[in-house]
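Colleague: Before I ask anything, let me first share the structure, which is written out below as structure tokens.
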Ligand code: MN
Ligand code: MN
Ligand code: ZN
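Residue numbers (my numbering): 2 to 288.
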């Protein structure tokens, strides 16, 4: 399995693979700019080249991105919607400059306008973004959400709706967040529940749409709709759910990254990666 964690880009984007390597990541997720700001300093050619060098040196692969928290492609407010589409366009340019395979995004929040209106808005935004970035290799991966407040994407049907409404379907993928889907009511703690969840996902979305997994345990219970990440094995999902996922051969080549709480020394990532790797059964040995 390809395991890793979200890594800071402090001091330059080229530092992220080095940080990831220092704690034994195979793969990492990064922001392509400060996630709490609308505008970022452009990525220079030198910075982009240096990123390719450190990526190669460390062997971290893939490196993929996550969008800024400010962006809301479902916003009913025209000014905020337009600002969000432009900011997404900038993120797509940055990801492309770094040759990243996909950019994970939160679909959006309808903020009271209703789910149908919100989903329409997101579909329109995605079609605009793909039309404005023709020829780009990077995909957009819609993240499953917990359904907190008016966040969309907490039902597999929401993702299915967006895939259907988007013209350039081959550039659309999905990022499956274990904490979010669990909080949204999709269980994976037993073999039976796990199989049912992914059968449902496959029927509505398609397993082949999955670009990445976010591995987070959940502080809150099944169906709580509350997004709080716990360390692996220390939340309501527990080790059994992660064991099922980590030994599912269908996902062997899909990058899986932690987004669990951590301090600057990343000791928590080291601990969580050790727990995850401990759950993987050795090849050729039965349970
Ligand atoms: Mn996310
Ligand atoms: Mn996530
Ligand atoms: Zn979350």
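Virtual Cβ for every residue (Gly too), placed ideally from N, Cα, C. Since this is a predicted model, take the numbers as computed values, not measurements.
Use the C-beta contact count for residue 144: other C-beta atoms within 10 angstroms, 16 or more gives buried, fewer gives exposed.
Modeller: On the chain shown, position 143 is the one that residue 144 refers to. It counts as buried.
Colleague: Using DSSP with H/G/I as helix, E/B as strand and the rest coil, what is residue 288?
Modeller: The count along the chain shown starts at 1 and reaches residue 288 at position 287. Bear in mind that a pLDDT of 48 at residue 288, under 50, signals an unreliable position, so the number given afterwards is only what the model happens to contain. Three-state result, residue 288: coil.
Colleague: Of all the options 108, 133 and 180, which has the alpha carbon lying nearest to the alpha carbon of residue 158?
Modeller: Here residue 158 refers to the residue found at position 157 when the chain shown is read from its first residue. Selected option, being the one with the closest Cα: 108.
Colleague: Let's see if you can read the secondary structure: which residues bound the beta strand (DSSP E) around residue 18?
Modeller: The residue you call residue 18 lines up with position 17 of the chain shown. Careful: residue 18 lies outside any beta strand (DSSP E), inside the alpha helix (DSSP H) at 16-23.
Colleague: Quick one: Cα of residue 15 to Cα of residue 248, how far?
Modeller: To locate residue 15, count along the chain shown from 1; it is residue 14. To locate residue 248, count along the chain shown from 1; it is residue 247. Cα-Cα distance, rounded: 32 Å.
Colleague: The beta strand (DSSP E) spanning residue 257 covers which residue range?
Modeller: Translated into the one-based positions of the chain shown, residue 257 becomes position 256. Start and end: 256-259.
Colleague: Taking the straight line between their C-alpha atoms, what separation do you get for residue 170 and residue 164?
Modeller: One-based indexing of the chain shown puts residue 170 at position 169. One-based indexing of the chain shown puts residue 164 at position 163. Cα to Cα, the separation comes out at about 6 Å.
Colleague: Hey, out of 274, 113 and 47, whose CA is closest to residue 216's CA?
Modeller: Numbered from its first residue, the chain shown carries residue 216 at position 215. Out of 274, 113 and 47, 274 has the C-alpha closest to the C-alpha of residue 216.
Colleague: Please return the same chain residues whose Cβ sits closer than 7 Å to the Cβ of residue 188, not counting the five positions on each side in sequence.
Modeller: As a first step, residue 188 is located in the chain shown; it is residue number 187 there, counting from the start. Here the set comprises 194, 198 and 223.
Colleague: Are there any heavy atoms of ligand 1 lying less than 7 Å away from the beta-carbon of residue 92, as far as the coordinates show?
Modeller: Taking the first residue of the chain shown as 1, we reach residue 92 at position 91. No, the beta carbon of residue 92 sits no closer than 7 Å to any heavy atom of ligand 1.
Colleague: Based on the DSSP secondary-structure assignment, which residues constitute the bridge partners of residue 176?
Modeller: One-based indexing of the chain shown puts residue 176 at position 175. Looking at the DSSP assignment, residue 176 forms a beta bridge with 144 and 213.
Colleague: Measuring CA to CA, which of 63, 35 and 37 is closest to residue 18?
Modeller: Translated into positions along the chain shown, residue 18 becomes position 17. The candidate whose alpha carbon is nearest that of residue 18 is 63.
Colleague: State the DSSP-derived secondary structure class of residue 139, mapped to helix, strand or coil.
Modeller: Residue numbering aside, residue 139 sits at position 138 when the chain shown is read from its first letter. Here residue 139 sits in coil by DSSP.
Colleague: If you check the beta carbons only, do residue 31 and residue 66 fall under 8 Å apart?
Modeller: By one-based count along the chain shown, residue 31 stands at place 30. By one-based count along the chain shown, residue 66 stands at place 65. It is a contact, given that the beta carbons lie within the stated cut-off.
Colleague: Quick one: is residue 209 buried, meaning 16 or more other Cβ sit within 10 Å of its Cβ, or exposed?
Modeller: Numbered from 1 along the chain shown, position 208 holds the residue referred to as residue 209. Classification of residue 209: exposed, given that the 10 Å Cβ count is below 16.
Colleague: Rounding to the nearest angstrom, what Cα-Cα distance links residue 288 and residue 266 in this structure?
Modeller: Taking the chain shown and counting its residues from 1, one reaches residue 288 at position 287. Taking the chain shown and counting its residues from 1, one reaches residue 266 at position 265. In this prediction, residue 288 scores a pLDDT of 48, lower than 50, which makes its location untrustworthy; the coordinate-derived value is nonetheless stated afterwards. Their Cα atoms are separated by approximately 34 Å.
Colleague: Comparing C-alpha positions only, which one of 229, 231, 142 and 44 sits nearest to residue 173?
Modeller: Residue 173 sits at position 172 when you count from the first residue of the chain shown. Residue 173 has its Cα closest to that of 142, out of 229, 231, 142 and 44.
Colleague: So residue 162 and residue 130 are in contact, right, with Cβ under 8 Å, and what is the actual spacing, rounded?
Modeller: Translated into the one-based positions of the chain shown, residue 162 becomes position 161. Translated into the one-based positions of the chain shown, residue 130 becomes position 129. Wrong, their Cβ atoms sit about 17 Å apart, outside the cutoff.
Colleague: Using only the alpha-carbon positions, how far apart do residue 269 and residue 242 sit?
Modeller: The residue labelled residue 269 in the question sits at position 268 within the chain shown. The residue labelled residue 242 in the question sits at position 241 within the chain shown. Looking at the two C-alpha atoms, the distance is approximately 20 Å.
Colleague: What are the start and end residues of the beta strand (DSSP E) that includes residue 185?
Modeller: Locating residue 185 in the chain shown gives position 184, where the first residue counts as 1. Taken as a continuous stretch (DSSP letters only), residue 185 belongs to no beta strand (DSSP E), as it is neither H nor E.
Colleague: Going by beta carbon distance, what residues of the same chain come within less than 8 Å of residue 153, once the five residues before and after it are set aside?
Modeller: The count along the chain shown starts at 1 and reaches residue 153 at position 152. Around residue 153: 75, 108, 109, 110, 111, 116, 119, 120, 123, 146 and 159.
Colleague: Any chance you could list the beta strand (DSSP E) runs of at least 3 consecutive residues sitting entirely within the segment 70-120, in chain order?
Modeller: Counting only runs of 3 or more, we get 103-106.
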